[in-house]
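Visitor:
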Amino acid sequence: MLKPNDFVITVATANGSGSQSSNNILVRSLFRMGLPVGGKNLFPSNIQGLPTWFTMRVNGDGYTARKKFADIVVAMNPVTAVEDLKLVRPGGFVLLSSDIKIPEGASRTDVIVVPIPFREIVGPVSDSVKLRKLLMNMIYVGVLAELLKIPDEFMDETIQHQFGSKSSVIETNKKAIAAGRVYAQQNLAALNFPFRAEARLGQNKGKVLIDGNTASAMGLVFGGCTFVSWYPITPSSSVVEAFIEIADEFRVKDGKRDYAVVQAEDELAAIGMVVGAGWAGARAVTATSGPGVSLMAEAAGLAYYAEIPSVIWDVQRVGPSTGLPTRTMQGDLLAAYYLSHGDTKHVVLLPGSAQECFEFGQTALDLAEELQTLVIVLSDLDLGMNLHIAPKFAYPTKPIKRGKVLSKEQLEERGGFQRYKDVDGDGIGYRTITGMGHANGAYFTRGTGHDEAAGYSEKPDVYKNNVDRLSRKFLTAALKVPPPFIDQKQGNKVGLISYGSSSDAMTEARAMLKSHGLDTSHLVLRALPFTAHVEEFLKSHQRVYVVEQNRDGQLATIMRSELPQYWNKCFSVLHYDGLPLDAESVFDQVSGREKTWM
Amino acid sequence: MLKPNDFVITVATANGSGSQSSNNILVRSLFRMGLPVGGKNLFPSNIQGLPTWFTMRVNGDGYTARKKFADIVVAMNPVTAVEDLKLVRPGGFVLLSSDIKIPEGASRTDVIVVPIPFREIVGPVSDSVKLRKLLMNMIYVGVLAELLKIPDEFMDETIQHQFGSKSSVIETNKKAIAAGRVYAQQNLAALNFPFRAEARLGQNKGKVLIDGNTASAMGLVFGGCTFVSWYPITPSSSVVEAFIEIADEFRVKDGKRDYAVVQAEDELAAIGMVVGAGWAGARAVTATSGPGVSLMAEAAGLAYYAEIPSVIWDVQRVGPSTGLPTRTMQGDLLAAYYLSHGDTKHVVLLPGSAQECFEFGQTALDLAEELQTLVIVLSDLDLGMNLHIAPKFAYPTKPIKRGKVLSKEQLEERGGFQRYKDVDGDGIGYRTITGMGHANGAYFTRGTGHDEAAGYSEKPDVYKNNVDRLSRKFLTAALKVPPPFIDQKQGNKVGLISYGSSSDAMTEARAMLKSHGLDTSHLVLRALPFTAHVEEFLKSHQRVYVVEQNRDGQLATIMRSELPQYWNKCFSVLHYDGLPLDAESVFDQVSGREKTWM
Amino acid sequence: MDVKVNTPTPAVENKNRLGLAKADYIGSKSTLCVGCGHDSITGHIITAFYQSSVDPLNVTKLSGIGCSSKTPAYFLNKSHGFNTLHGRMAPVATGVHLANRKQILIGVSGDGDTASIGLGSFAHMLRRNVPIIYICENNGVYGLTKGQFSATAESGSKAKHGGVNPFHNIDLCSMAIDMGCEFVARSFSGDARQLVPLINLAIRHGGSAFIDVISPCITFANHEGSSRSFEAVKNHNVQLQELGFIQPQEEIKADYAEGSTQVVKLPDGSHFTLRKLLSSEHDVTRRDLAMIRLQESKAKGEFLTGLFYWNKDSKPLGDQMNLTDKPLSQL
Amino acid sequence: MDVKVNTPTPAVENKNRLGLAKADYIGSKSTLCVGCGHDSITGHIITAFYQSSVDPLNVTKLSGIGCSSKTPAYFLNKSHGFNTLHGRMAPVATGVHLANRKQILIGVSGDGDTASIGLGSFAHMLRRNVPIIYICENNGVYGLTKGQFSATAESGSKAKHGGVNPFHNIDLCSMAIDMGCEFVARSFSGDARQLVPLINLAIRHGGSAFIDVISPCITFANHEGSSRSFEAVKNHNVQLQELGFIQPQEEIKADYAEGSTQVVKLPDGSHFTLRKLLSSEHDVTRRDLAMIRLQESKAKGEFLTGLFYWNKDSKPLGDQMNLTDKPLSQL
Ligand SMILES: Cc1ncc(C[n+]2csc(CCOP(=O)(O)OP(=O)(O)O)c2C)c(N)n1
Ligand SMILES: Cc1ncc(C[n+]2csc(CCOP(=O)(O)OP(=O)(O)O)c2C)c(N)n1
Ligand code: SF4
Ligand code: SF4
Ligand SMILES: [Mg+2]
Ligand SMILES: [Mg+2]
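Protein chains in written order, with the numbering used here: chain Y, 44 to 641; chain V, 44 to 641; chain D, 7 to 337; chain C, 7 to 337.
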């Protein structure tokens with residue numbers, strides 16, 4: 044028997060076959076037991092029929108990143124069964140649907156293959172053929188519950204929560220799970236199944252198991268977002284779908300909404316609407332993914348140059364082009380930072396956890412308004428669509444920051460204003476909003492050359508002064524963006540830098556490195572432009588590994604260009620096959636290179 | 044009397060007032076005299092009425108870049124006259140339309156202001172009010188011809204060439220010029236005008252005075268371009284307009300065209316058409332400027348990832364956003380190099396002269412087909428729309444390179460093919476073209492994940508292998524792109540790097556530096572990715588100035604990220620006010636900084 | 007929608023009911039070519055807003071990119087304005103409206119801006135019924151880029167420097183009707199008598215009010231052979247109705263007894279009048295008839311002008327969405 | 007245009023005139039949901055190309071992005087294919103055509119792909135008359151992104167998980183007619199008898215041949231309240247004509263003597279037949295009538311299907327441009 048609460052289960056099924064709710068019940072039951080658990084869905088760009096995998100990882104030490112191999116594979120999909128067999132680590136278990144015949148020679152002797160007659164077990168559970176097909180997935184839940192010793196109470200609570208008032212559905216599902224349990228009791232006792240879930244009551248109190256997109260939506264709803272436009276695209280759609288659901292619950296008074304959501308006709312329109320709404324004073328965001336970011340390039344330049352508060356929430360997927368729409372990558376960093384022609388540079392936020400997805404809802408809108416510019420948030424599919432544990436979100440207490448907006452009274456007091464004048468020396472002018480009601484409040488906004496009073500100008504010095512001010516504003520941005528998280532120890536020679544969804548794997552990789560004798564510092568970057576901390580960190584380490592989920596080392600590229608003096612300390616650790624980052628990949632690359640110094 | 048052939052004339056008029064053809068006659072007459080001359084049009088983003096300036100520079104040593112100040116200003120525009128006065132250097136001349144009253148105190152004592160009654164002089168030339176308005180501009184041509192001592196023969200030839208068979212037009216214009224001459228003879232002799240044009244017969248033989256856009260169009264026409272799509276945008280429209288004109292002359296047989304030009308509905312469509320045509324085997328290009336490049340970002344990623352030969356000809360203007368549509372800038376380098384989301388990087392060509400605009404027509408198409416990818420050519424408004432001297436273009440003798448395209452027979456011989464297999468180790472696969480007629484020739488192209496046989500795939504290793512091959516292909520590109528021009532002397536400590544339209548000013552700036560004791564080497568970059576020469580150059584100098592016409596030092600940014608080890612040798616010299624680069628700006632910045640070492 | 011057409015105040019000479027002079031509705035000096043049709047339209051906009059006593063502080067001006075799109079700088083300089091991107095006025099307007107649906111939006115675009123790069127977004131804005139007075143200053147060419155054909159140029163029209171347009175032209179009015187727009191009209195830049203009443207009416211329309219205004223480009227499309235020269239337009243302009251607008255409290259002077267004139271009373275007490283000019287029966291409240299009228303006139307090679315379709319009770323996007331009364335921008 | 011419909015060869019059983027079997031026209035296995043309308047259309051495309059004996063080597067397949075746009079991988083796997091970008095099939099097709107105008111282009115798109123992100127380019131492709139068999143597999147939703155409304159969804163239609171579409175729906179057929187398209191038809195994925203003849207005819211059309219095919223999404227739009235469920239479509243499908251296609255050298259079996267059937271002979275010796283089904287008179291050669299038919303049926307809430315408008319002598323873009331006979335790609 045291994046130590047409890049340390050196992051990875053991968054369930055291989057076909058897309059649209061109904062395994063989603065089974066997997067959900069399983070992973071949420073584990074969560075209810077107080078266990079650190081994560082759930083990752085590896086699905087195809089398809090609606091029905093193609094292979095899909097769901098992986099749950101329970102880890103007593105709290106590591107929930109992807110692992111390269113599973114301890115237990117549930118193989119329900121005949122099409123991929125041979126490949127799925129390879130997913131299990133030596134010594135692991137395969138619960139193989141006995142409908143599946145593994146061809147001679149394709150089986151493995153180093154794992155325990157347990158054929159299970161799911162179809163037969165489900166037989167008595169329901170009369171409906173259609174239902175039985177779905178319930179087959181509950182059978183493996185029952186079998187696993189029994190093998191892992193998950194008490195019924197947690198399963199029941201979860202089912203109750205999942206299906207709510209639909210009591211007949213609850214009963215049928217319970218019945219199927221029970222049938223799985225009974226089968227396991229009667230037939231699998233001899234397995235001496237080594238994995239076990241052991242409840243840690245109360246450990247997940249005050250926490251939620253949530254996907255980053257839902258967290259983002261909550262962050263936007265409670266962060267004062269009043270306008271959302273979008274064009275559906277995986278993996279960002281659920282940000283807006285969740286926004287609608289949550290806002291409909293919390294932000295409708297007397298049947299009236301205090302927010303607007305528009306499904307645009309494309310991404311060019313989606314960003315156009317955000318620019319319009321942001322200009323006219325709404326707190327506006329659009330959610331998209333890589334192809335949408337590319338289509339938003341022209342308007343991004345307008346938002347930069349005409350200084351319009353606006354937010355793009357990019358849930359990254361694998362590019363280039365349409366790429367792998369249902370796989371994860373951190374591939375849009377360069378595109379986002381330099382988005383658009385001409386001299387442009389944008390503020391980029393890099394949430395690294397579900398908690399930060401929530402927080403950055405308000406942060407992004409605040410920064411967009413304070414800096415009067417476009418802010419691009421880079422989440423990704425792994426962070427956005429997979430399940431992560433996060434503290435329950437508190438209603439934000441930070442006051443909403445709307446930046447330098449002049450009211451009628453303030454304008455009166457000042458006796459006028461010049462939209463693009465750098466009154467405060469921070470590169471940020473004062474703006475007014477349509478309908479503010481002062482006869483001198485109007486100004487004319489344009490993406491062409493303009494002077495301090497917002498008048499049209501092609502004059503060389505007027506142009507130059509204006510874009511120099513924008514450079515100053517970018518320096519201001521570096522003082523306002525969220526600083527990195529730094530975990531640093533005096534004497535550590537090696538530092539790691541990562542961002543976004545890499546955090547889970549990083550924590551684990553650092554523990555692995557430490558257990559191999561390499562104590563590392565860690566900087567989790569949370570925004571561009573760089574705050575001063577980044578240089579400090581580079582200064583204080585001899586070697587710094589920049590971990591990214593892309594091919595071209597995009598952050599390292601930006602670091603070299605902005606902090607070139609540290610170039611020879613920096614090494615890229617890259618992972619870019621569309622799967623979430625795993626600790627081993629980081630460990631292997633870092634320790635591999637460290638050997639050359641050891 | 045100063046030395047002959049060294050003067051700058053700036054003519055200030057209103058847009059659409061007809062000065063264009065006058066200026067043209069003047070500058071082309073000077074060219075016919077065998078003089079090194081350049082002509083630059085500084086015009087507003089407007090069709091009629093706003094101020095516009097045309098500057099001609101004659102320089103015996105061949106320097107034709109912009110100068111900060113003029114020797115002679117012709118002030119025809121009352122609206123800007125006070126400002127125009129400031130354009131002349133101390134000791135210079137202002138030919139001021141006597142219709143214009145300079146307010147008390149706005150005049151200058153350090154220049155010679157010569158009021159000229161253009162309206163009265165033109166009176167006898169024509170009866171038509173409308174015509175007289177236009178011919179006013181010919182009067183100043185006559186006055187200048189007389190003052191500069193431009194013989195009539197050159198003027199007459201130029202007029203003849205300009206107006207061709209329209210003999211009455213020729214006569215009227217000659218009459219106006221003569222009237223100007225007579226006025227000058229009778230009234231301006233006392234001026235002791237110090238500037239003089241002295242013919243250098245035959246020195247411009249075999250040369251043309253041409254704008255880069257026309258040169259580009261010729262390069263494309265003779266470089267085997269078969270498909271052009273475009274959406275009108277300043278300053279790129281004339282590339283296509285010239286293409287149509289030239290191709291209609293040279294590439295129509297029996298009333299049939301061997302090329303197609305489509306005015307698209309927008310830039311998204313323009314690049315879409317190029318991608319379609321390039322995929323189906325045409326040699327295809329689209330011309331645009333910054334806003335268009337931004338709109339093409341998504342398709343650029345497709346061309347990169349699905350490996351489709353295609354060319355974007357970007358004539359850069361001032362950004363960000365709509366910016367200053369009629370001013371020049373090198374602001375799209377970063378946008379072009381990293382265009383699109385995901386891991387993308389594009390081949391970028393940087394023509395530095397009209398001659399190169401011509402050559403790169405074929406080069407760009409060849410590289411696009413050889414490398415099976417998008418090639419972005421970055422010209423700019425100064426290079427593209429202003430007049431430069433270039434050797435007469437010879438019909439290209441380099442064979443057209445179509446890259447690895449399999450014919451029916453070749454396919455038969457090979458017994459099949461795999462579109463994305465790296466058979467030759469250079470990262471470039473073999474392709475077939477629609478209609479090639481072999482039953483095994485078809486394949487399916489997509490911007491989503493694909494394996495070597497072009498089949499759909501989401502497999503992690505398939506994706507990784509594929510994009511790794513694209514990285515290899517980019518290394519191949521570095522071997523194939525035009526290498527830089529290098530003018531280097533052993534022992535020079537200081538190197539200058541520039542690209543594109545900066546060349547003219549660079550040559551002059553180097554001479555200025557040399558005359559101040561600083562002998563510099565010069566690397567003219569002609570493409571991205573960097574060839575090995577760039578590193579060599581950096582290695583062999585102690586300090587390298589990277590001269591660019593943008594705010595953010597975009598080439599320096601890329602250099603730091605790709606050749607970071609030389610970061611502390613590199614210094615940016617920047618010019619970004621929308622005017623063409625002048626030598627003095629380079630000289631000032633370089634010598635200013637060199638002092639810290641001297 | 008809560009359209010801010012202000013309640014009347016006693017009339018003062020050369021002042022409107024708000025007490026504002028016409029000069030309070032002007033903008034900066036035009037930089038367009040002398041004689042450009044667009045400048046005339048600017049004048050008509052100023053007149054209509056003055057006549058309707060709209061408070062400029064309640065107006066937001068929008069445009070795309072082009073000569074036409076420059077014009078919002080030339081009227082209502084007390085109103086906020088946004089000269090957006092080429093072809094993107096429609097989505098920007100959508101956001102602007104939803105951020106503050108108390109503002110009256112007036113947008114000026116060109117035929118290149120609307121019918122080429124902006125076609126898709128234009129259509130979708132109409133589907134959503136974003137309340138905006140959308141004026142397309144339609145000259146059949148791209149003025150600002152020097153005279154290339156636009157997609158509304160008649161097939162067979164000649165370009166200034168040779169070249170004949172081979173392509174089917176887009177009729178923005180029939181497209182607008184097809185896309186569900188509930189206020190569709192066409193006029194001519196030179197026709198104040200028709201266009202000013204139309205703008206007055208559009209100011210009071212609940213949803214998208216689309217006015218396609220033929221506006222000759224004097225520089226690039228006023229030559230012989232151009233289907234959009236002043237000459238050509240005058241020769242082919244056929245008016246569907248004679249239109250009139252009577253402001254609240256203004257006296258109804260004409261004698262409409264004969265019955266050929268329809269007088270429509272509007273909620274704010276103003277009146278809109280239509281007198282039939284064409285023999286064919288038309289009913290502006292019927293979308294199908296509007297479409298048929300346009301098909302007929304197209305076949306005849308006419309520029310049919312007038313009000314084609316109008317739904318008095320158009321429901322703007324913000325209402326459809328049940329937004330709070332307070333503008334989102336002020337929350 | 008030099009449409010490559012091959013000359014007949016003696017008929018062999020289960021082979022067409024090229025001697026190819028139907029299996030020579032298939033593609034890889036579909037990955038769409040079982041029962042998806044799109045898969046039926048794939049079948050009809052295969053049938054028509056087989057029947058018309060088109061050499062797959064002369065065909066180029068195109069699509070945008072969506073479930074529908076995946077289908078070109080499922081037919082004619084001997085033809086080159088290009089699954090382009092979302093909404094950009096039209097411009098890509100324009101380039102593909104001009105590079106080699108000897109190829110027959112077939113493009114499959116969805117209603118999201120065509121009527122939202124691709125609307126502008128779709129319209130402009132039609133204006134240019136790019137020769138392509140353009141099939142829009144129209145299910146009223148974005149299938150691949152899980153069921154959001156598309157712009158063709160009827161206003162009032164219910165989404166699978168609640169939500170009612172408030173917006174005016176785009177009728178791609180009336181838009182196509184308005185944009186100058188010279189082959190405009192609508193059909194239903196389940197109706198082989200109507201759709202196969204239409205595709206056969208489209209193969210022989212000179213310019214853009216647009217077929218809007220109602221194709222229910224079994225997963226996201228087949229519930230009650232959805233205006234595009236199989237049920238709803240069957241209930242509202244009204245056929246304008248009964249259509250038929252007779253291949254060259256095929257015997258004309260039916261007795262068309264009665265006169266209610268129109269038989270149109272095509273240049274390659276094939277025949278297209280139309281038998282009037284509706285009481286209203288219709289003439290497929292008249293664009294205005296086509297528009298009127300659509301307006302009428304829209305008002306009645308019907309899905310009118312059939313061939314609405316057809317110009318036999320449509321001139322494709324490449325011909326309009328006077329291109330050399332040799333494909334540009336081979337120069
Ligand atoms: C994305 C983009 N593409 C191209 C242009 C260049 N451009 C400026 S105005 C214009 C067309 C204007 O035509 P129209 O809308 O008809 O206005 P007009 O000048 O005729 O009034 C174009 C193509 C641009 N500004 N932005
Ligand atoms: C630029 C871009 N935006 C969004 C998407 C996401 N996307 C993929 S398919 C699709 C809509 C498909 O709808 P439709 O064309 O109707 O095809 P269906 O799946 O219904 O057949 C969308 C929005 C994308 N691939 N590219
Ligand atoms: S170019 Fe044409 S559209 Fe533009 S301002 Fe001049 S006349 Fe008007
Ligand atoms: S989701 Fe709908 S459109 Fe897509 S494959 Fe399934 S049934 Fe067809
Ligand atoms: Mg126009
Ligand atoms: Mg669809």
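Even for Gly, the Cβ is constructed at its ideal location relative to N, Cα and C. None of these values were measured; they are calculated from a predicted model.
Where are the beta strand (DSSP E) runs, 3 residues long or more, that stay fully inside the region 296–357 of chain Y, in chain order?
Guide: Entirely contained in the region 296–357 of chain Y, the beta strand (DSSP E) runs reaching 3 residues are, in chain order, 303–306 and 327–331.
Visitor: Between the alpha carbons of residue 335/V and residue 479/V, how many angstroms are there, rounded?
Guide: Distance between the alpha carbons of residue 335/V and residue 479/V is about 33 Å.
Visitor: Examine the Cβ distances between the region 403–416 of chain V and the region 250–267 of chain V and report whether three or more of them are shorter than 8 Å.
Guide: Touching, per the Cβ criterion.
Visitor: Looking at chain C, which residues of the region 53–85 of chain Y have a Cβ within less than 8 Å of any of its Cβ atoms?
Guide: Answer in chain order: 59.
Visitor: Given 7 Å as the limit, tell me if residue 71/C has its C-beta closer than that to any heavy atom belonging to ligand 2.
Guide: Yes, the Cβ of residue 71/C comes within 7 Å of a heavy atom of ligand 2.
Visitor: To be precise: take each residue of the region 84–104 of chain C, compare its Cβ to all Cβ atoms of chain V, and keep it if any distance is under 9 Å. Which residues remain?
Guide: Residues passing the 9 Å Cβ filter: 84, 85, 86, 87, 88, 89, 90, 91, 92, 93, 94, 95, 96, 97, 98, 99, 100, 101, 102, 103 and 104.
Visitor: Is residue 145/C near ligand 6, going by C-beta to nearest heavy atom under 7 Å?
Guide: Yes; taking the cut-off as 7 Å, the Cβ of residue 145/C has a heavy atom of ligand 6 nearer than that.
Visitor: Taking residue 171/D as the reference, which of 25/D, 307/D and 155/D has the closest Cα?
Guide: Considering only alpha carbons, the answer is 155/D.
Visitor: Check whether the Cβ of residue 119/C sits closer than 7 Å to any heavy atom of ligand 2, and report yes or no.
Guide: Yes; taking the cut-off as 7 Å, the Cβ of residue 119/C has a heavy atom of ligand 2 nearer than that.
Visitor: If distances are taken between C-alpha atoms only, which option among 240/V, 509/V and 304/V comes closest to residue 328/C?
Guide: The candidate whose alpha carbon is nearest that of residue 328/C is 304/V.
Visitor: Exposed or buried, which one is residue 174/D when buried takes at least 16 other CB atoms within 10 Å?
Guide: Flag for residue 174/D reads buried.
Visitor: In chain V, what lies closer than 9 Å to residue 127/C by C-beta?
Guide: Those within 9 Å of residue 127/C in chain V are 307, 308, 309, 311, 312 and 315.
Visitor: Residues in the region 125–152 of chain D with C-beta within 7 Å of chain Y's C-beta atoms, listed in sequence order?
Guide: Per Cβ criterion, the list reads 126, 127 and 130.
Visitor: Kindly say whether residue 345/V, judged by its beta-carbon, lies nearer than 8 Å to any beta-carbon of chain C.
Guide: Answer yes: the Cβ-Cβ gap between residue 345/V and chain C drops below 8 Å somewhere.
Visitor: Report yes if the CB atom of residue 543/Y is closer than 8 Å to the CB atom of residue 563/Y, and no otherwise.
Guide: Contact: no.
Visitor: Measuring only from the beta carbon, is residue 116/C closer than 7 Å to any heavy atom that is part of ligand 6?
Guide: Yes - ligand 6 has a heavy atom lying nearer than 7 Å to the Cβ of residue 116/C.
Visitor: Please report the straight-line C-alpha distance between residue 148/C and residue 118/C, rounded to a whole angstrom.
Guide: Residue 148/C and residue 118/C: Cα-Cα distance of roughly 6 Å.
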